[in-house]
Amino acid sequence: MSHDVIKRGVNDLIKLNIIYKNNQLRPGQVNEYEIRLPSEIPEIIEMINADKNILIEEKNEDLEDFYTNPEKRIRIFERDNKKCFYCLCELQKNTFYLDHIFPRSRGGENYKFNLITACKICNSKKSDKDAENFLLDSYRGGLITQEEFLKQKATLESLIEKYKKYKVESV
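Taking numbering that gives the first Met the number 0, the leading residue of the sequence shown gets 0, the next gets one more, and so forth.
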């Protein structure tokens, strides 16, 4: 590399506050440079803090009560494509129920990942039964196809995994 290329590169790093140049030198002294660690650069610290705040906000929202808050209930309803999770029947905003994957009677929370949309019939039949077994009953009873069952089962497993992660972190 040529001397000019290196000089331009160093000057660019000085402008970005990655390298600090001591300008208080006496004539004849060799230039002094300090290379800063990422944790010493204000812009990097701001970026890291902003990312942390976003993650904290997302995490905290996931741990909020989605069962009793009307706006959050609608978000679950829309996430589930406005259909009953168990029988896939179409639902309306005024006719859907939210069902706990892990029932409240067994310590389940009102977190986003512990709730799924259900119709009145499925919600009543399921009661406090295991969600995966109740989904299997819907398949065995001919309410959903094998393909639909497998898709819903994968979705349920994903929700359970996320719920358990948040449940452990919130304890």
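Cβ coordinates follow ideal geometry from the N, Cα and C atoms, glycine included.
Here the structure is a predicted model, which means the values were calculated and not measured.
- Residue pairing of Tyr96 in beta bridges, as defined by DSSP: Ala117.
- Assignment of Asn59 by DSSP, reduced to helix, strand and coil, places it in the helix class.
- If you look at Ile75, you'll find it in the alpha helix (DSSP H) that goes 69 to 78.
- Taken in chain order, the whole beta strand (DSSP E) runs of length 3 or more contained in the segment 15 to 41 are 18 to 21, 31 to 34.
- Distance between Asp136 and Ile44, taken at the CA atoms: about 53 Å.
- DSSP lists Lys82 as the beta-bridge partner residues of Glu89.
- Under the three-pair Cβ rule at 8 Å, the segment 136 to 150 does not count as touching the segment 97 to 109.
- Here the segment 106 to 125 makes contact with the segment 68 to 81; the two share three or more CB pairs at distances below 8 Å.
- The three-state secondary structure of Lys163, taken from DSSP, is helix.
- The DSSP-derived three-state label of Leu142 is coil.
- In the structure shown, the three-state DSSP call for Asn109 is coil.
- Ranked by how close their Cα comes to the Cα of Ile34, the residues Tyr19, Gly27, Pro26, Ile143 have Tyr19 in first place.
- The alpha-carbon of Lys14 is positioned some 52 Å away from that of Tyr66.
- C-alpha of Asn21 to C-alpha of Ile159: approximately 56 Å in a straight line.
- Taking the C-beta atoms as reference points, Lys161 is found nearer than 8 Å to Phe112.
- Under the 10 Å beta carbon count, Leu134 is surrounded by 16 or more other beta carbons and is classified as buried.
- Nearest Cα to Arg72 within the set His2, Tyr85, Lys92, Tyr165: Lys92.
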